[in-house]
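I have placed the structure first, in the form of structure tokens, so that the comments after it can refer back to it.
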Amino acid sequence: ARVIIAGRSRERAGRCAQELGAAGAAVLDRNAADAGALKAIGADLVIDAAGPFQGADLGFARAVIESGAHYLDLADARDFVAAFPQLDALARRRNVAAVTGASSTPALTHAVLDTLCAGWRRLDIVRAGIAPANKMQRGPSVMKAVLSWTGAPAAVWEEGEWRIRHGWTHCADIDVPGLGRRRFALAETPDLDLIPARYAPRDTALFMAGLEAPLMQRGMEVMSALRRWGLVRESQNWAGWLRGAGELLSAFGSDRGGMIVEAFGRDADDRPMCARWTMIAPNGLGPNTPTFAALILARRFAAGGVLPIGARACVSMLRLEDFAPEFARNGFTTRIDIAPLIAPFETALQGGLDAAPAAVRAAHRSGPVTRWRGAAQVRGASSLPARLIARFFGFPAASPHTPVEVAMRLDRSGVETWTRRFGAYTFTSRLRAVGPGVVRERFGPFAFDIALHAAPDRLAMRVVGWRVGPVSMPARFAPRSVATETEQEGRFHFDVPIALPLLGRIAHYSGWLEPEEVEGSTSPAVLERA
56 ARVIIAGRSR
66 ERAGRCAQEL
76 GAAGAAVLDR
86 NAADAGALKA
96 IGADLVIDAA
106 GPFQGADLGF
116 ARAVIESGAH
126 YLDLADARDF
136 VAAFPQLDAL
146 ARRRNVAAVT
156 GASSTPALTH
166 AVLDTLCAGW
176 RRLDIVRAGI
186 APANKMQRGP
196 SVMKAVLSWT
206 GAPAAVWEEG
216 EWRIRHGWTH
226 CADIDVPGLG
236 RRRFALAETP
246 DLDLIPARYA
256 PRDTALFMAG
266 LEAPLMQRGM
276 EVMSALRRWG
286 LVRESQNWAG
296 WLRGAGELLS
306 AFGSDRGGMI
316 VEAFGRDADD
326 RPMCARWTMI
336 APNGLGPNTP
346 TFAALILARR
356 FAAGGVLPIG
366 ARACVSMLRL
376 EDFAPEFARN
386 GFTTRIDIAP
396 LIAPFETALQ
406 GGLDAAPAAV
416 RAAHRSGPVT
426 RWRGAAQVRG
436 ASSLPARLIA
446 RFFGFPAASP
456 HTPVEVAMRL
466 DRSGVETWTR
476 RFGAYTFTSR
486 LRAVGPGVVR
496 ERFGPFAFDI
506 ALHAAPDRLA
516 MRVVGWRVGP
526 VSMPARFAPR
536 SVATETEQEG
546 RFHFDVPIAL
556 PLLGRIAHYS
566 GWLEPEEVEG
576 STSPAVLERA
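The sequence shown begins at 56 in our numbering and counts up one residue at a time.
Written as structure tokens, this is what we have:
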């Protein structure tokens, strides 16, 4: 194949062509190029790796298609990829292939997910993220691209609904095998649209970024906050400053970066599972990753392979095994970890949950994400001090009838997060098994040990201890609570009384719940842009 390196500077393009042994160099301004200029070059396939694509129009891609050449790009811009199907009719008329997003996101993430979730009956949560090395090259286009969405509003499929979040706000702390624990923040990429549209996860789809240097990660979160507060309007103007700061801090990190993709759902045997793919990129070569998909497709084309006619995003075009030669060539290593997820009640009862009513068993075995909807009646606090404590924990006020929503999310470590909404009141706790028949429920710094007893007619839960932080507190001051879960006419019922010595009733709520099904959907904002 004859390769021509085109760029804004003939000198730099020529130097690059010489280093790579390419056929020649050309000057080409992608923002002003037309079909005639592209025809003069005589290319059969044009790969746009210039960027940034955020905020860019489709003019260059349109010119390539009109010239009769096939087109690939490395776009990771959400707006650009969402608008790209506008070119489909033109590409079909010209009988050419036009592929956008032949990059880490979405091409590689979807190839990974196709492997991880093959045969699954249900997908609940997807989390993908890049974890760059601290010692690596930071180009101005990359910095401008990142800053274009840092602090900007973004539609995100999260907890079963489309929400507005902001770029580079904290998402999760994740242990990345081979890299350690990283703090990840929201990154706006095409996968925020394409994963919900293609895989329909019931609960959440996130793409994130986690820098190695904590100071840099926190600094980007501060930049995000400054933009949200209106103190910084054009954050891209800070690209040079942040690039310099990254160079100064490069000595405080390594040259090892990577990427992670996690999927939570139920496998072909209907078991709750977590599947995780990890890639480690040594020697500061992580920035090569976005080029792999385009290289694979270009080699396929040069070997006489056929690219699909029309304009589309680079999803379902490549398999994970297609990337293996590129990983090996760059010294990358990958691994896949698949583990069953066991809810804390199941772990603590050690098979004893089988004795509970069917509706109760289903409530604690429907993960990784279980969503319920129903109604309850609430008896409020019996004294002013008790009312203040109830307000602190977020317990609901008295009501003869209030709508209830409960979501239970199980993570890799066996910790389950319960989010309860009683009308306008929301409170959250985290539960994990701590011994035979005992789970610990944590509300912030307060934790309560709960003994479980499963019987054919109910599951009983009694508070047997409590602590503040790591310190165990006297049992005589522990909350008085014996809660029950039962089944009535096939429906899950709950009864939860909570009281404190001397202060009396904090709250007492009882009611029923039914499973709620939530399906993924395409972002309304994306549909409007497209």
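Glycine included, each C-beta is placed from N, C-alpha and C at the ideal position. Remember, predicted model here, so these are calculated numbers, not experimental data.
DSSP beta-bridge partners of residue i
i: Ala417; result: Answer is none; Ala417 lacks a bridge partner.
i: Ala183; result: Phe262 and Val316
i: Arg331; result: Glu317 and Asp392
i: Val455; result: The displayed chain sequence assigns Pro, not Val, to residue 455. Beta-bridge pairing links Pro455 to no other residue.
i: Met463; result: Thr425 and Trp473
i: Arg497; result: Arg485 and Ala502
i: Arg103; result: Per the sequence presented here, residue 103 reads as Asp, with Arg not at that position. Its beta-bridge partners are Asp128.
i: Ile229; result: Arg237
i: Ala430; result: Pro458 and Trp567
i: Tyr480; result: Phe477
i: Gly222; result: Thr205
i: Arg177; result: Arg321
i: Ser437; result: The partner list for Ser437 (beta bridge, DSSP) is empty, contrary to what the question assumes.
Residue range of the unbroken beta strand (DSSP E) whose run includes residue i
i: Gln192; result: No beta strand (DSSP E) contains Gln192, which DSSP labels as neither H nor E.
i: Asp84; result: Segment: none, Asp84 is in no beta strand (DSSP E) and carries neither H nor E.
i: Thr205; result: Unbroken run through Thr205: none, as it is neither H nor E.
i: Met516; result: Arg513 to Val523
i: Gly62; result: Ile59 to Gly62
i: Ala538; result: Val537 to Gln543
Nearest candidate by alpha-carbon position, reference residue i, set the options
i: Phe382; options: Leu281, Pro337, Arg354 and Ile364; result: Pro337
i: Gly233; options: Ala173, Ile219 and Ala188; result: Ala188
i: Met463; options: Pro534, Glu376, Glu496 and Ser437; result: Glu496
i: Phe448; options: Ala227, Phe501, Ala418 and Arg428; result: Phe501
i: Leu465; options: Glu544, Gly435 and Pro327; result: Pro327
i: Met516; options: Pro525, Ala530 and Gly492; result: Gly492
i: Pro552; options: Pro534, Thr224 and Thr541; result: Pro534
i: Leu100; options: Thr388, Arg57 and Gly308; result: Arg57
i: Pro525; options: Phe503, Phe477 and Glu542; result: Phe503
i: Leu557; options: Gly110, Ala441 and Tyr480; result: Ala441
i: Thr259; options: Thr425, Arg446 and Leu281; result: Thr425
i: Arg149; options: Thr388, Ile364 and Ser309; result: Ile364
Secondary structure of residue i, DSSP reduced to three states
i: Ile397; result: coil
i: Glu583; result: Caution is warranted here: a pLDDT of 43 is assigned to Glu583, below 50, making its placement in the model unreliable, and no coordinate value can be reported.
i: Phe239; result: strand
i: Ile364; result: coil
i: Cys71; result: helix
i: Leu557; result: coil
i: Phe387; result: coil
i: Gly449; result: coil
i: Arg288; result: coil
i: Arg442; result: helix
i: Glu216; result: strand
i: Leu408; result: helix
i: Ser371; result: coil
i: Pro161; result: helix
i: Arg311; result: coil
i: Ala509; result: strand
i: Gly341; result: helix
i: Asp550; result: strand
i: Ala562; result: strand
Host alpha helix (DSSP H) of residue i (start-end)
i: Gly114; result: Gly114 to Glu121
i: Gly295; result: Ala294 to Leu304
i: Arg282; result: Pro269 to Arg283
i: Val151; result: From DSSP, Val151 is part of no alpha helix (DSSP H); its letter is neither H nor E.
i: Ala166; result: Thr164 to Leu171
i: Val136; result: Arg133 to Ala138
i: Ala639; result: Any property of residue 639 remains undetermined from this structure, which presents the chain solely from 56 to 585.
i: Ala348; result: Phe347 to Ala357
i: Ala252; result: Asp246 to Tyr254
CB contact check: residue i to chain C, cutoff 9 angstroms
i: Ala209; result: Considering every chain present, this structure includes no chain C. It has just one protein chain.
Count the CB pairs spanning the region 193 to 212 and the region 231 to 247 that are closer than 8 angstroms, and state whether there are at least three. yes
Counting pairs of Cβ atoms below 8 angstroms between the region 153 to 160 and the region 115 to 132, do you hit three or more? yes
Validate contact between the region 192 to 206 and the region 405 to 420 using beta carbons, cut 8 angstroms, 3 pairs: The region 192 to 206 vs the region 405 to 420: no contact.
Meets three-Cβ-pair contact criterion under 8 angstroms: the region 474 to 487 and the region 512 to 524: no
Between the region 311 to 328 and the region 172 to 191, are three or more C-beta pairs nearer than 8 angstroms? yes
Any contact of the region 156 to 173 with the region 334 to 352, i.e. 3+ C-beta pairs under 8 angstroms? Touching, yes.
Segment contact, 8 angstroms Cβ cut-off, at least three pairs: the region 271 to 288 with the region 300 to 308: As far as the Cβ criterion goes, the region 271 to 288 touches the region 300 to 308, which means the pair count is three or higher.
Counting beta carbon pairs with one atom in the region 92 to 100 and one in the region 68 to 76, are three or more of them shorter than 8 angstroms? Verdict: no, contact absent.
Does the region 547 to 566 come within contact of the region 435 to 451, defined as at least 3 CB pairs closer than 8 angstroms? yes
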